[in-house]
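Have a look at the structure below, then the notes.
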Amino acid sequence: MTIRDTYNTSVVAATAAKVPTKAANANAHQETIAASGKNVGYNNATGNFANFDAATRNANATYAAAQLNAEMIKQIAIQAAKDTLRATGDLAPA
6 MTIRDTYNTS VVAATAAKVP TKAANANAHQ ETIAASGKNV GYNNATGNFA NFDAATRNAN
66 ATYAAAQLNA EMIKQIAIQA AKDTLRATGD LAPA
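In this text, residue positions in the sequence shown follow the working numbering: the first is 6, and each later residue adds one.
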């Protein structure tokens, strides 16, 4: 296996690792919104829309930050693999 093969494997692994993280983030996002809506009862009918709105906004912000973090971790892993590739003298496009 060449250094280029190792790099390609690292890219695939980094991308594959992001998929379950993003799925878990989406599930946590939905469960957080559901917990404030149907479990606690924050909605228009009970007059608690402001609480539901705040909970939804917080869940959205947390979700966005978690998705960004997952992408950053993937990019860091790919860059580390690219740095290893470059250190061996492989300057072909990666």
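We treat Cβ as the ideally placed atom computed from N, Cα and C, and that holds for glycine. Remember, predicted model here, so these are calculated numbers, not experimental data.
To which residues of the same chain is phenylalanine 57 closer than 7 Å at the C-beta, ignoring the five residues directly before and after it?
Excluding residues within five positions, the ones whose Cβ falls inside 7 Å are Ser41, Gly42, Tyr47 and Asn48.
By the DSSP assignment, the alpha helix (DSSP H) with valine 24 in it spans what residues?
Looking at the DSSP string, the run of the alpha helix (DSSP H) that includes valine 24 is 8 to 39.
Cβ distance (whole Å) where threonine 93 is taken to contact isoleucine 8 below 8 Å:
Going by Cβ atoms, the distance from threonine 93 to isoleucine 8 rounds to 5 Å, so yes, they are a contact pair.
DSSP-derived helix/strand/coil call for threonine 51:
In the structure shown, the three-state DSSP call for threonine 51 is coil.
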